[in-house]
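Participant: Here it is: the structure, laid out below.
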Amino acid sequence: MKVYITKRQITYITIYVFSVVYTIEFQKRGLPHAHILLWLQEGFQNPSIHEIDEIITAEIPDVKEDPEGY
1 MKVYITKRQI TYITIYVFSV VYTIEFQKRG LPHAHILLWL QEGFQNPSIH
51 EIDEIITAEI PDVKEDPEGY
């Protein structure tokens with residue numbers, strides 16, 4: 001499973017990321033979860049929950065569109 005954060009998504013809601021660090025761990029039964037740390041540009045206020053949800057999603061990929069990710 002990959003974490004999908006694109007530049008278009010970030011600039012759409014005017015969040016400018018300086019740096020990103022993430023790790024994906026697998027729990028029991030192979031279920032993945034991610035730890036994500038974002039450094040934002042200076043002067044940027046904390047994003048709201050809605051803005052964060054627009055960027056980061058947790059979805060199981062479609063078996064037909066992305067069989068490897070599924």
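Here the UniProt record's numbering is used: the first residue of the sequence shown is 1, the next is one more, and so on.
Cβ atoms here follow ideal geometry from the backbone N, Cα and C, with glycine treated the same way.
To the nearest angstrom, how far is it from the Cα of Ala34 to the Cα of Thr23?
Facilitator: So the alpha carbons of these two residues sit roughly 6 Å apart.
Participant: Classify Ala58 as helix, strand or coil using the three-state DSSP reduction.
Facilitator: Here Ala58 sits in coil by DSSP.
Participant: What do you reckon, are the CB atoms on Ile21 and Leu37 nearer than 8 Å?
Facilitator: A quick correction: the sequence has Val, not Ile, at residue 21. Cβ distance < 8 Å, so Val21 and Leu37 count as in contact.
Participant: Output needed for Ser19: all residues of its chain with C-beta closer than 6 Å, excluding positions within five of it in sequence on either side, in chain order.
Facilitator: Cβ neighbours of Ser19 beyond the five flanking positions: Trp39.
Participant: For Met1, which three-state DSSP category applies?
Facilitator: Confidence is the limiting factor: at Met1 the pLDDT is only 42, short of 50, which leaves the residue's position unreliable, though a coordinate-based value still follows. If DSSP states are grouped into helix, strand and coil, Met1 belongs with coil.
Participant: Counting along the chain, where does the beta strand (DSSP E) carrying Glu25 start and finish?
Facilitator: It spans Val17 to Phe26 - the beta strand (DSSP E) in which Glu25 sits, taken as one unbroken run.
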